[in-house]
Amino acid sequence: MKLIEAIIKPFKLDEVRRALTAKGVEGLTVSEVKGFGRQKGHTEMYRGAEYVVDLLPKIKLEVLVRDADVEELIGAIQDAASTGKIGDGKIFVHPVADVIRIRTGERGEAAI
Amino acid sequence: MKLIEAIIKPFKLDEVRRALTAKGVEGLTVSEVKGFGRQKGHTEMYRGAEYVVDLLPKIKLEVLVRDADVEELIGAIQDAASTGKIGDGKIFVHPVADVIRIRTGERGEAAI
Amino acid sequence: MKLIEAIIKPFKLDEVRRALTAKGVEGLTVSEVKGFGRQKGHTEMYRGAEYVVDLLPKIKLEVLVRDADVEELIGAIQDAASTGKIGDGKIFVHPVADVIRIRTGERGEAAI
Amino acid sequence: MFTRRRALLAALVWSAVSLSAGTALAQEDQLSAGDTAWIMTSTALVLLMTLPGLALFYGGLVRTKNVLSILMQCLISAGLIGVFWILVGYSLAFGDGNSIIGDLSKVGLAGITVDTLSGTIPEYVFVMFQGMFAIITPALMLGAFAERMRFGPYLAFIGIWIIVVYCPLAHQVWGGGWLADFGAIDFAGGLVVHMSSGFSALVAAIMLGKRRGYGKEPMPPHSVPLTVIGASLLWVGWFGFNAGSQLAADGTAGLAFLNTNTATAAAVLGWVGIEWMHHGKPTVLGAATAAVAGLVSITPACASVTPMGSIAVGIGASIVCYVAVTMLKPAAGYDDSLDVFGVHGVGGAWGAIATALFISETTDAGWGGQIGIQLASVAYVAVVAPLLTFIILTVLKLVFGNLTVDEEGEHVGLDISEHSESAYTGAPGAAAG
Amino acid sequence: MFTRRRALLAALVWSAVSLSAGTALAQEDQLSAGDTAWIMTSTALVLLMTLPGLALFYGGLVRTKNVLSILMQCLISAGLIGVFWILVGYSLAFGDGNSIIGDLSKVGLAGITVDTLSGTIPEYVFVMFQGMFAIITPALMLGAFAERMRFGPYLAFIGIWIIVVYCPLAHQVWGGGWLADFGAIDFAGGLVVHMSSGFSALVAAIMLGKRRGYGKEPMPPHSVPLTVIGASLLWVGWFGFNAGSQLAADGTAGLAFLNTNTATAAAVLGWVGIEWMHHGKPTVLGAATAAVAGLVSITPACASVTPMGSIAVGIGASIVCYVAVTMLKPAAGYDDSLDVFGVHGVGGAWGAIATALFISETTDAGWGGQIGIQLASVAYVAVVAPLLTFIILTVLKLVFGNLTVDEEGEHVGLDISEHSESAYTGAPGAAAG
Amino acid sequence: MFTRRRALLAALVWSAVSLSAGTALAQEDQLSAGDTAWIMTSTALVLLMTLPGLALFYGGLVRTKNVLSILMQCLISAGLIGVFWILVGYSLAFGDGNSIIGDLSKVGLAGITVDTLSGTIPEYVFVMFQGMFAIITPALMLGAFAERMRFGPYLAFIGIWIIVVYCPLAHQVWGGGWLADFGAIDFAGGLVVHMSSGFSALVAAIMLGKRRGYGKEPMPPHSVPLTVIGASLLWVGWFGFNAGSQLAADGTAGLAFLNTNTATAAAVLGWVGIEWMHHGKPTVLGAATAAVAGLVSITPACASVTPMGSIAVGIGASIVCYVAVTMLKPAAGYDDSLDVFGVHGVGGAWGAIATALFISETTDAGWGGQIGIQLASVAYVAVVAPLLTFIILTVLKLVFGNLTVDEEGEHVGLDISEHSESAYTGAPGAAAG
Ligand SMILES: Nc1ncnc2c1ncn2[C@@H]1O[C@H](COP(=O)(O)OP(=O)(O)O)[C@@H](O)[C@H]1O
Ligand SMILES: Nc1ncnc2c1ncn2[C@@H]1O[C@H](COP(=O)(O)OP(=O)(O)O)[C@@H](O)[C@H]1O
Ligand SMILES: Nc1ncnc2c1ncn2[C@@H]1O[C@H](COP(=O)(O)OP(=O)(O)O)[C@@H](O)[C@H]1O
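Chains A, B, C, D, E and F, in that order, give the protein sequences. At position 97 of the first sequence (counting the first as 1) the number is 197 in this note's numbering, and the numbers step up by one without a gap. At position 74 of the second sequence (counting the first as 1) the number is 174 in this note's numbering, and the numbers step up by one without a gap. At position 56 of the third sequence (counting the first as 1) the number is 156 in this note's numbering, and the numbers step up by one without a gap. At position 116 of the fourth sequence (counting the first as 1) the number is 232 in this note's numbering, and the numbers step up by one without a gap. At position 70 of the fifth sequence (counting the first as 1) the number is 186 in this note's numbering, and the numbers step up by one without a gap. At position 273 of the sixth sequence (counting the first as 1) the number is 389 in this note's numbering, and the numbers step up by one without a gap.
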């Protein structure tokens with residue numbers, strides 16, 4: 101099992117989710133984060149004082165997947181999330197030692 | 101050491117935390133996330149337009165624990181978080197390479 | 101590659117970010133979390149009813165880094181985030197299986 | 117010469133007489149544009165108290181998942197009672213009737229035209245001014261069963277309550293009923309509005325049961341700023357409530373206005389002082405609560421006490437309401453979610469009694485006698501209103517089965533379970549690119 | 117003796133005459149402090165409708181990233197039209213002129229002093245009261261092209277629209293123009309304010325095109341509480357709008373006030389009932405929308421129908437606006453972001469027609485005749501306003517190239533792309549230590 | 117015949133005389149319900165400016181962790197000064213006294229009854245109207261030391277300041293003191309309210325020192341919408357402040373009303389234009405700030421300039437305040453957190469001078485002479501208010517040791533460190549299931 105963590109542009113969330121469910125993903129977890137990277141931020145103004153906001157809103161998406169599905173799902177995320185512009189984000193693949201479904205106590209792939 | 105990551109129902113947070121501290125856990129980190137899974141969402145209405153909200157509020161809880169404590173704490177979380185209904189959530193167990201306490205610079209199990 | 105995850109005090113974020121960019125880090129992701137630990141919380145009052153708030157606001161910072169840079173960056177974070185008082189937080193180092201830049205499809209260290 | 121002089125004199129006298137007659141008429145039988153202007157303004161101010169004043173005061177106090185249910189219950193009070201009042205409410209409260217309740221002579225505002233006066237103002241203006249009181253009173257109660265009552269039963273409850281509890285009480289005090297004859301002083305509604313709703317609310321809180329988790333987990337306000345905006349608008353709007361109750365723009369209205377502000381200020385000071393001494397720190401929520409407690413307490417008294425007296429009323433309010441909210445409630449163990457009883461019930465009763473305690477000009481009943489009258493009136497409302505409320509809710513329980521939402525509904529919150537809406541959507545997907 | 121008596125009599129008669137003349141004068145030619153008080157109050161209330169009423173009503177409905185652009189467009193309407201009105205607007209609307217438009221005789225308020233009266237109130241007060249109407253009307257339109265229109269073109273649009281569409285219409289109905297002569301009844305602006313803005317808004321929504329993602333992804337309100345605060349303040353402020361339009365504090369003002377509240381309450385009840393039956397649950401957003409729909413509809417009718425009639429107007433409003441917003445819009449496929457057409461256009465038209473349908477005293481035209489007049493007036497505004505708006509926007513497209521923000525700007529939101537600001541900063545770094 | 121005629125004539129003359137005497141009396145010695153209605157309305161509007169107007173305007177500008185401290189400081193100003201004003205404030209400001217300060221003759225409002233008049237309105241109404249001015253003035257200052265001053269010292273500070281600075285200044289300008297005799301024009305309080313608080317605030321900001329991190333990290337407003345609501349309510353409430361200062365509902369009140377709106381609109385336009393040219397984009401915060409700057413500036417001038425003149429006052433305000441806020445402050449390096457000095461100090465001074473510059477009817481002093489008088493008055497307040505404030509704060513430093521919170525308190529924010537409360541609780545645990 102692997103945990104795929106994707107940092108994407110917020111307005112791409114719907115599309116990515118659709119792409120993943122189309123590939124059979126049945127669960128995922130998202131959170132609001134802010135990202136700093138090569139994408140340049142914007143300037144904000146406050147009574148004449150300008151300052152640069154370079155922590156931009158991003159969505160972090162976590163999906164636990166079977167090892168066999170990793171590549172396919174990475175591809176699906178990438179296709180859906182890509183705009184070709186700087187700031188499209190990253191996908192991290194994490195090893196996972198175990199997984200438990202709280203409701204049933206199932207473990208491992210059965211719990212995904 | 102392992103990082104236990106649990107996705108639970110928000111109203112179970114207090115109970116889970118009590119269960120963990122009862123087992124000697126002295127630190128943890130929580131964040132607000134939204135989860136999509138088998139649990140069906142609800143319908144919202146906006147001037148006659150209905151749409152389904154299937155990203156439901158969840159709490160993500162992260163606890164770094166000694167390898168020896170993993171099983172006991174998983175059990176504690178499961179007991180406290182379980183309602184028996186779909187949507188109770190998941191527990192992921194992650195390997196951790198190292199841990200540092202910022203204040204003291206302690207490393208490894210001493211820093212937990 | 102490793103994913104460095106640091107839980108720090110919110111008002112230290114700017115400093116830590118400056119320290120990291122000074123060391124050549126070009127990207128990172130932050131989120132708002134709440135932490136429970138040895139740091140004692142504060143009391144809040146609501147029409148005479150007092151209750152203890154011991155989940156304190158923290159910032160979680162995630163940086164994916166080359167293996168070779170791990171130690172240097174841990175040091176940088178620690179220096180910048182430390183106030184010497186309880187509650188300064190933790191740094192976790194996670195193994196990472198893979199990383200992909202969504203925009204280009206680059207993989208591994210090239211995608212950092 | 118002589119003749120002319122006498123004629124002149126006569127003319128002068130008559131001029132004067134007719135002039136002052138004109139003035140007198142203006143005060144009794146003629147429309148006064150000034151009075152009308154003030155009462156229309158007051159009417160708008162009293163609506164402001166409910167929408168958005170009370171809606172925000174209560175809305176800020178609940179948890180995020182229930183804020184819309186509060187706003188909805190305030191909105192629908194304006195909707196339902198706004199129509200009811202025209203159809204039958206006004207007639208039941210202010211129709212001649214008997215000493216208990218009005219009659220149906222003014223159903224649908226029959227017989228009222230743009231020329232009908234009520235004192236120096238158009239009756240339409242009087243109808244609407246009183247209508248705004250009828251709108252806010254049942255809405256005051258919703259704080260007691262906030263975060264659990266279903267919308268349907270709520271609607272039925274306030275619809276019946278206004279007819280069964282409010283209209284009779286309004287008639288008895290202001291419509292020529294027995295409490296007025298008895299000599300009870302209730303200038304702007306300490307008995308009719310605040311005690312009636314506060315004591316009814318207590319019964320409702322007990323009958324509907326506690327919120328799940330009450331007493332075990334903290335249920336802090338989701339937005340104290342909303343609550344402070346609400347308290348502020350209540351404060352501003354209350355000038356219409358109290359000074360408008362004079363139904364004229366004159367010196368007594370001015371006194372009522374000044375006393376309203378002064379008592380409220382004193383209550384804020386008092387509560388802040390008590391909290392500071394008691395807990396080491398004064399809270400904003402305390403100050404906002406104090407403001408409402410002060411406003412409630414000065415309501416019956418505002419035209420009967422001196423400004424110095426109003427300071428006493430306000431400080432007294434901060435003490436009795438503080439004790440009710442922070443000690444009585446936990447000791448008794450009922451879940452009056454937003455302290456309707458502690459603030460409106462207790463504050464209203466205190467105000468009604470304080471009216472006599474600090475009265476500036478003793479009535480025929482004498483100082484002690486008036487205290488007796490006020491105490492008796494307080495006791496009357498404290499018994500009748502909850503009793504009737506108990507009966508109404510008992511019947512509604514039979515009809516609806518359950519007046520509160522189920523466990524699932526309480527967990528996800530009333531906004532979604534009752535209204536299919538979320539208050540705030542700044543979540544993933546709504547954020548910027 | 118005889119002489120004296122006659123002299124006395126004569127003196128008395130003259131006293132009476134001069135007294136009643138004084139009264140009559142007071143009604144026609146003398147300043148009435150009471151009327152002035154009410155109209156100044158009303159003027160403040162009408163500004164409250166725009167700032168912060170409408171700003172919040174619309175501001176809560178958009179997504180987080182666009183809320184400031186809404187607030188800004190409301191603020192700048194007060195800024196731009198506030199100045200324009202003094203410079204030329206008032207003169208174009210209320211200068212003598214012809215049957216179509218006023219003239220330039222009162223440019224810069226030339227000739228008006230503190231002693232100039234307009235009826236029983238200072239003309240300055242009348243100027244400002246009407247100025248507040250001019251401020252809110254163009255701001256009403258912004259809901260139609262919310263979340264996409266650029267600020268510069270918006271400014272140009274409302275600046276031109278007020279001169280080309282609003283001032284002539286105001287003149288035609290209230291300034292002595294042809295619609296008044298024609299017999300159209302539009303007490304407080306169903307035609308001039310709501311239909312003109314609602315129908316213009318529809319054209320603008322269509323010409324500016326849909327928001328990216330419209331129809332594909334949900335675009336829920338970022339804060340329903342803000343919207344409810346806005347609707348509440350609109351409700352409160354509307355008393356000034358409608359009852360103020362009588363320009364006096366009298367019985368007719370009282371009727372207008374009462375009808376305004378009653379129709380609005382009825383519309384809320386109606387909409388809640390319809391939603392309940394149609395979707396199984398009533399929504400808060402529905403109730404808030406209904407309130408505005410009710411307020412819009414009673415605007416032209418508020419002085420012409422009985423209170424019972426106003427209930428009919430309000431319920432009718434809930435039906436026609438519900439259908440327009442939830443069925444007509446999706447069916448037709450235009451993106452009127454915040455339903456300006458469905459609420460103000462349709463509600464205004466309904467109100468104008470309902471004015472005749474439920475009229476309490478038939479006019480010279482007779483019941484049917486007045487319906488005809490109202491229908492013709494509605495048709496006139498429904499054609500002229502959108503036509504002129506179409507021309508203005510066509511010209512502005514040529515001048516500005518693009519009236520809406522580009523894709524990037526729409527994704528990050530207008531707050532950042534147009535104003536370099538974020539509404540809420542509670543983000544990392546702003547939080548506590 | 118002859119006799120009768122003369123008698124008749126005489127009677128007529130006397131009728132006329134008595135009539136006009138009646139009218140004259142009404143203006144001087146008799147209660148006018150219309151004037152009373154307007155001043156009670158104005159009084160409510162001026163409280164609206166503080167609660168919730170100013171509270172939100174300032175509350176939105178601070179960081180999330182300090183918003184409650186702002187709301188509390190506004191609430192407690194109403195609490196403390198609301199009581200103080202009745203006890204001694206009114207007497208010190210409006211008791212006969214000498215040319216510097218009033219006396220203690222009206223302590224506790226001694227001698228005032230419901231029949232006591234002040235002009236054509238009840239003195240109670242006058243007391244309360246002025247009391248609302250006294251409540252807002254010290255609260256204006258809190259923006260200068262926001263996010264750092266402790267609550268206790270704040271309370272002591274405003275309590276002393278109102279007695280030492282405000283009451284004397286109010287007496288000198290409005291209570292029959294020397295500035296009135298000197299010929300200073302300050303219709304609604306440019307000197308007394310805005311300059312006094314603005315210049316005192318500057319001293320306080322400097323004496324309390326900068327916020328930690330000031331100038332190094334951005335400290336953006338946590339909620340611009342709250343600030344816009346606040347600015348909007350200030351705008352609406354200010355009509356009571358300015359037009360109410362005429363103490364009558366007449367033509368001059370109408371002019372003051374119209375000028376208030378027009379100058380404010382002009383200031384918004386001006387600031388938006390300046391920002392657009394200077395930074396490429398106009399901001400909402402700029403527009404809201406401009407509104408307040410415009411309102412401040414027209415305050416002393418609103419009854420003395422023509423509508424066209426008010427446009428000049430407003431545009432001037434946008435220029436001088438823009439320069440003060442965006443250039444002077446960073447250059448000088450003080451941390452006036454929310455720009456009290458830049459807006460109220462500078463705007464108030466500009467307004468006081470502009471009153472003479474654009475005066476419509478020259479006074480006895482002549483155009484130049486009046487400018488001199490205004491300049492001298494501005495200089496007087498600019499010296500006296502800060503001087504007295506400096507002394508007060510120096511003493512308070514000795515008494516309290518530290519007027520600001522410690523580092524820990526500043527990091528977690530004043531809401532928790534001073535009031536044990538969090539503004540918003542939507543955090544884990546409060547969310548839905
Ligand atoms: N080294 C990193 N560690 C953690 N997150 C990163 C890292 N680099 C980038 N990110 C995340 O990815 C987002 C996009 O990165 P950016 O450099 O702007 O564009 P791109 O992914 O197109 O190269 C950032 O906003 C940040 O959230
Ligand atoms: N494959 C997955 N990857 C990441 N998170 C998941 C995954 N499956 C479920 N979750 C999380 O667990 C929550 C509960 O899952 P759900 O399928 O609704 O119920 P249950 O855990 O009872 O099977 C989801 O809301 C989501 O946050
Ligand atoms: N075992 C743990 N697992 C996860 N997070 C932890 C753990 N221990 C501490 N933390 C995080 O680190 C923060 C600081 O910990 P605390 O014990 O208060 O101070 P210190 O790091 O100085 O020992 C906590 O608020 C929490 O967010």
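Quick reminder that beta carbons are idealized off the backbone N, C-alpha and C, glycines included.
Assigned secondary structure, residue i (DSSP; H/G/I helix, E/B strand, else coil)
| i | result |
| --- | --- |
| F:Met-165 | helix |
| D:Leu-371 | helix |
| E:Leu-401 | helix |
| F:Val-352 | helix |
| F:Thr-265 | Contrary to the premise, residue 265 of chain F reads as Met rather than Thr in this sequence. DSSP places F:Met-265 in strand when its eight states are reduced to three. |
| E:Asp-219 | coil |
Rounded distance between the beta-carbons of residue j and residue i, thought under 8 Å
| i | j | result |
| --- | --- | --- |
| C:Val-116 | C:Ile-177 | 6 Å |
| E:Ser-434 | E:Glu-263 | The pair is not a contact, with the Cβ atoms about 26 Å apart (cut-off 8 Å). |
| E:Gly-529 | E:Leu-342 | Not quite, the Cβ-Cβ distance comes to about 16 Å (not below 8 Å), so this is no contact. |
N-terminal and C-terminal residue of the beta strand (DSSP E) that residue i is part of
| i | result |
| --- | --- |
| A:Ala-106 | 102-108 |
| B:His-194 | 190-195 |
| A:Lys-134 | 128-136 |
| C:Glu-162 | 156-165 |
Separation of residue j from residue i, as counted between CA atoms
| i | j | result |
| --- | --- | --- |
| C:His-194 | B:Arg-166 | 15 Å |
| D:Gly-169 | E:Val-204 | 38 Å |
| D:Val-459 | F:Thr-479 | 55 Å |
| F:Gln-155 | F:Gly-247 | For the sequence presented, residue 155 of chain F should be read as Ile rather than Gln. Cα to Cα, F:Ile-155 sits roughly 12 Å from F:Gly-247. |
| D:Ser-339 | E:Thr-180 | 18 Å |
| D:Gly-512 | D:Thr-380 | The sequence shown places Leu at residue 512 of chain D, not Gly. Their Cα atoms are separated by approximately 37 Å. |
| E:Pro-238 | E:Tyr-206 | 15 Å |
| D:Val-162 | D:Phe-357 | 6 Å |
| B:Asp-154 | B:Gly-135 | 8 Å |
Residue span of the alpha helix (DSSP H) that contains residue i, given as start and end
| i | result |
| --- | --- |
| D:Met-551 | The shown model of chain D, from 117 to 549, leaves out residue 551 of chain D, and the question about it has no answer. |
| B:Thr-146 | The displayed chain sequence assigns Tyr, not Thr, to residue 146 of chain B. Run containing B:Tyr-146: none in the alpha helix (DSSP H); it sits in the beta strand (DSSP E), 142-146. |
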